[in-house]
Amino acid sequence: MTSGDRQRPRGGAVNVTRLAAMKRDGEPIACLTAYDYGFAAACERAGVDLLLVGDSLGMVVQGHETTLPVTVEEVIYHTRCVARACRRSLVVADMPFMSHPDAESGLASAGRLVKEGGAQMVKLEGGAEQAALVSRLSANGIPVCAHLGLRPQQVHKLGGYRVQGRAEAEAEAMAADARALEEAGADLLILECVPAALARRLAGALAIPVIGIGAGSGCDGQILVLHDVLGVTPQPPRFARAFGREAAGVEPALAAYVEAVKARSFPGEQHGFQA
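For the sequence shown, this note's numbering gives the first residue as -9, with consecutive numbering after it.
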């Protein structure tokens, strides 16, 4: 089979407007990370709606202990590889640690991810303190995915990889951050490692789609790290499910993940944080 013979999933290209319609229609959004052409093409054939070139590449591709060493140039390179494979899946690029300490530098970094990397959206970690940057990006035509809850770029400040938003004050602060980011122009929000009840509440309160990772089944969609889905991560997080150990091959595993997200059978209670 040549590249021209590959069958693309039906339904047209996924974009910001399509994501908003999926939320309104109650269609779960299936998302995964990807870092190269081959796996991105497999994800696209499996029907993945959104592919994130995450700074998680620092850990699962480069072997670092955290995401902090990843550079803008490295994300551009991997985004370019992923973008070449995608005709339907929306390609999102992570803004690495210290690539956006202020609005001006953040706009420059995001512009490179779009112009040089081929990203269709950028993702950044942070709460209301990032509202000015989100507004600046939106005003310049760059769609934004915000990221709340566990923020790996702040792993040292947070004291490790821990659930966020369990205390009432933390939950209220997260809700305020989410509102501020939406009002600033964010098009999408990822919630990582937050209690399922809080994630459900935020998904219901916000007009923009909310994507969960370790945040229960009440979100508008789900995202996992590709390596966790394939079952090659030595010590995967408790919220992950190794579809690759249940299916005969990479593409069947990816298709099973998409089907489980669409059917809302993943995540189950064992894949989230209930309190």
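All residues carry an ideal CB built from backbone N, CA and C; glycine is no exception.
Bear in mind that the values here come from a model prediction, so they are computed numbers and not experimental data.
Straight-line spacing of the CA atoms in arginine 169 and alanine 253 works out to 28 Å.
Every beta strand (DSSP E) of 3 residues or more that sits fully in the segment 58 to 141 is shown, in chain order, as 80 to 84, 111 to 115 and 134 to 139. DSSP assignment within the segment 156 to 208 yields the following whole alpha helix (DSSP H) runs of 4 residues or more, N-terminal first: 158 to 174 and 186 to 195.
Under the Cβ criterion (8 Å, minimum of three pairs), the segment 239 to 252 does not count as touching the segment 66 to 77. Within the same chain, Ala93 and Leu97 come within 6 Å of arginine 126 by CB-CB distance, once the 5 residues on both sides are set aside. Taking C-beta atoms under 8 Å as the contact rule, phenylalanine 87 and valine 60 qualify, at a distance of about 7 Å. Taking 8 Å as the cut-off, the beta carbon of valine 124 is found closer than this to the beta carbon of alanine 136. Of the residues Ser46, Val215 and Ile19, the one whose Cα lies closest to the Cα of valine 145 is Ser46. Judged by DSSP in its simplified three-state form, glycine 258 adopts coil rather than helix or strand. For threonine 7, there is no enclosing beta strand (DSSP E); the residue is found in the alpha helix (DSSP H) stretching over 6 to 15. Look at alanine 36 here: in three-state DSSP terms it is helix.
Using a Cβ distance threshold of 8 Å, leucine 220 and valine 240 count as a contacting pair. The distance from the Cβ of proline 199 to that of leucine 9 is about 5 Å, consistent with a contact at the 8 Å cut-off.
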